[in-house]
Amino acid sequence: MRHSLASWRALSCGLLAGMLLSWATLPAAAQPAPSLAAPNDALPSNPMPLAVLQGLDKITARIITFEVAIDQTIGFGTLKVTPRVCRKRPPEYPPESAAYLEIVEERPGETPVQRFAGWMFASSPALNPLEHPVYDVWVVDCRAKPR
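Following my numbering, the numbering of the sequence shown begins with 52 at its first residue and continues without gaps.
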């Protein structure tokens, strides 16, 4: 029996849609929980007490650089940004800083909504970005003391 190319495409699209739908409807308990453990990296890194972040307000086009101590929260527009861990490679290795950030949006009169929780990398800000219509936040560096 001979099948047309269109029928094979329809069958493959249907199978793909079914797989995606079944994955998207997994219960939250079946999805992996975020980890505060350092990213799996063969190169060593050192914990630092300060995270250096930059934020972009897309409405005003202003970029703000701020230093935040670990487990302290800073406000940026309607966002509350809390770095939980900040790690930096020693100088003898290729440069990399990574921070585990929790970002919550708090609008007046509304329940706070967690917008991001995960690792961000200074060398690859697009790898795991905050997706927000008004604000962007990314890691610049991890430091031992403020400048």
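Note that CB positions come from ideal geometry on N, CA and C, so glycine has one too.
Anticipated Cβ contact below 8 Å, residue i with residue j, distance rounded
i       : j       : result
Pro-134 : Leu-152 : 5 Å
Arg-158 : Ser-96  : Between Ser-96 and Arg-158 the Cβ distance is about 35 Å, and since that is not below 8 Å, they are no contact.
Short Cβ contact (7 Å threshold) for residue i with residue j
i       : j       : result
Val-119 : Ile-110 : no
Glu-161 : Thr-129 : no
Arg-140 : Ile-154 : no
Residue i, enclosing beta strand (DSSP E) - first and last residue
i       : result
Leu-178 : Where Leu-178 is concerned, there is no enclosing beta strand (DSSP E), given that its DSSP letter is neither H nor E.
Leu-104 : 101–108
Ser-148 : 148–156
Glu-143 : That residue, Glu-143, is in no beta strand (DSSP E); it is neither H nor E in DSSP.
Distance, residue j Cα to residue i Cα
i       : j       : result
Pro-197 : Val-190 : 15 Å
Leu-178 : Asp-192 : 16 Å
Gln-105 : Phe-127 : 10 Å
beta-carbon residue i near the ligand GDP non-hydrogen atom, thresh 6 Å
i       : result
Ala-168 : You won't find the ligand GDP in this model; it holds no ligand whatsoever.
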